[in-house]
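Taking it in order: structure first as structure tokens, then the write-up.
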Amino acid sequence: MVLASVQTNTLNALPKQFYPDGIAITQTSQQVSGAIGITVMVSLFSAKQNGYLNDVANDLPAAAASGSSLVFKISLIFAIVNVVLSLFMKKPK
Numbered sequence: 001m002v003l004a005s006v007q008t009n010t011l012n013a014l015p016k017q018f019y020p021d022g023i024a025i026t027q028t029s030q031q032v033s034g035a036i037g038i039t040v041m042v043s044l045f046s047a048k049q050n051g052y053l054n055d056v057a058n059d060l061p062a063a064a065a066s067g068s069s070l071v072f073k074i075s076l077i078f079a080i081v082n083v084v085l086s087l088f089m090k091k092p093k
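Going by UniProt numbering, the letters in the sequence shown line up with residues 1 to 93, in that order.
Rendered as structure tokens:
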């Protein structure tokens, strides 16, 4: 839902003859960013889970909860930063 409005604002900043290029760039950047984001989050989850298993106990559900907690906290921070940054977006004239 948020990405549609971001794409609209991005395209509004371009001349009409560059709309296809703008769409291609935004779609590609969304796919690449999504792949990188998932990779980073899964890596952080695995690192936290393995650290918990090595340091604390051999309790897999608790280790998974520890990794999930870290990933959700990081995702929340990114969401808050995105909301704050969206407040500073220029409105089209």
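We put the CB at the ideal spot given by N, CA and C, even for glycine.
In the three-state reduction of the DSSP assignment, proline 15 falls in the coil class. Distance from the CA of asparagine 58 to the CA of threonine 10, rounded to the nearest whole angstrom, comes to 49 Å. With contacts defined by Cβ atoms closer than 8 Å, glycine 67 and lysine 48 form a contacting pair.
A residue is called buried once 16 or more other Cβ atoms fall within 10 Å of its Cβ, and tyrosine 19, having fewer, is exposed. Going by DSSP, asparagine 82 is part of the alpha helix (DSSP H) stretching over 60-86. Going by beta carbons, leucine 53 and alanine 63 fall inside the 8 Å limit.
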